[in-house]
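Trainee: Encoded as structure tokens, here's the structure I'll be asking about.
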Amino acid sequence: MIKDEFILIDEVKSGIDYENFCFQQLKNAGYQVSKTPEIGDQGVDLIVSANNKKCAIQCKYYSTPVGNKAVQEVIAGRGFYNCELGMVCSNNTYTKSARELASNQHIVLVEKNNIIQAVNRLLGPIRTPSSKKIAYRQNNVLREIENNNQKSIAEYYKNKKSANNRNNNH
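As structure tokens, this is what we get:
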């Protein structure tokens, strides 16, 4: 089950946590992402869409290198969910056999939590009108903070100068 609260990679302790982490990373980056059913997922945990493309993603949180089975699962799931692209995302590395099969079947293997960079390369970055608005608002906020800081600094020195003058007059 996908949780609404934000999860940090350091807080990931299980496969479900890792799926939630990947889901949130993609959603926060602006991608349309959905979770497959927990039972009968056909080897796919997430479906991510952008720029008229769909990618089936299998998330694996392993303490050892990920093997062939994960690649085989996403190959099957990619077809089942009518996705053009397939990806296995893991916190670990992959076996030689998994890399060979993935290469042969055009499955992208993502290591060490680099899911956003990999999805950007596959589907293209998200460019939405709202992202421009957010950047514009952030720039305005930064300018206002900078102006207030300059005012505060000027006021500080003005007050300090007044205090020094009062102290010197006594």
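Numbering (the numbering used here), first residue to last: 45 to 214.
Glycine residues also receive a C-beta, built at the ideal position from the N, C-alpha and C atoms.
#1: Under three-state DSSP, which class holds A100?
#2: Under the three-state reduction of DSSP, which class applies to V88: helix, strand or coil?
#3: DSSP three-state call for S58: helix, strand or coil?
#4: Have a look at N148 and I119 and give me their C-alpha separation to the nearest angstrom.
#5: Rounded to a whole number of angstroms, what is the C-alpha to C-alpha distance between P158 and C127?
#6: Is V163 closer than 8 Å to S134 when the C-beta atoms are compared?
#7: Between I101 and V110, which are expected to be in contact by the criterion C-beta below 8 Å, what is the C-beta distance as a whole number of angstroms?
#8: So for K47, helix, strand or coil by DSSP?
#9: What separation, rounded to the nearest whole angstrom, lies between the Cα atoms of R165 and V152?
#10: Please list, in chain order, all residues of the same chain as K47 whose beta carbon is under 6 Å from its beta carbon, the five residues on each side excluded.
Mentor: In short:
#1: Locating residue 100 in the sequence shown gives position 56, counting from the first residue. Here A100 sits in strand by DSSP.
#2: Along the sequence shown, one-based indexing puts residue 88 at 44. DSSP places V88 in coil when its eight states are reduced to three.
#3: For this step, residue 58 is matched to residue 14 along the sequence shown. Three-state DSSP puts S58 in coil, outside helix and strand.
#4: Taking the sequence shown and counting its residues from 1, the one referred to as residue 148 is at position 104. Taking the sequence shown and counting its residues from 1, the one referred to as residue 119 is at position 75. Straight across, the Cα-Cα distance linking N148 with I119 is about 11 Å.
#5: Position 114 of the sequence shown, counted from the start, is the residue given in the question as residue 158. Position 83 of the sequence shown, counted from the start, is the residue given in the question as residue 127. Reading off the sequence shown, one finds Asn at residue 158, where the question assumed Pro. Spanning the two alpha carbons is a distance of roughly 21 Å.
#6: As a working note, residue 134 is residue 90 in the sequence shown. As a working note, residue 163 is residue 119 in the sequence shown. Contact flag unset, no.
#7: If you number the sequence shown from 1, residue 101 lands on position 57. If you number the sequence shown from 1, residue 110 lands on position 66. Not really, about 13 Å apart at Cβ, beyond 8 Å.
#8: In the sequence shown, the residue the question calls residue 47 occupies position 3. Bear in mind that a pLDDT of 48 at K47, under 50, signals an unreliable position, so the number given afterwards is only what the model happens to contain. The three-state reading of DSSP puts K47 in coil, since its state is none of H, G, I, E or B.
#9: The residue given as residue 165 occupies position 121 in the sequence shown. The residue given as residue 152 occupies position 108 in the sequence shown. Each residue's Cα considered, the two are about 10 Å apart.
#10: Taking the first residue of the sequence shown as position 1, residue 47 is located at position 3. With a pLDDT of only 48 at K47, under the threshold of 50, the placement of this residue in the model should not be trusted, and no figure is reported.
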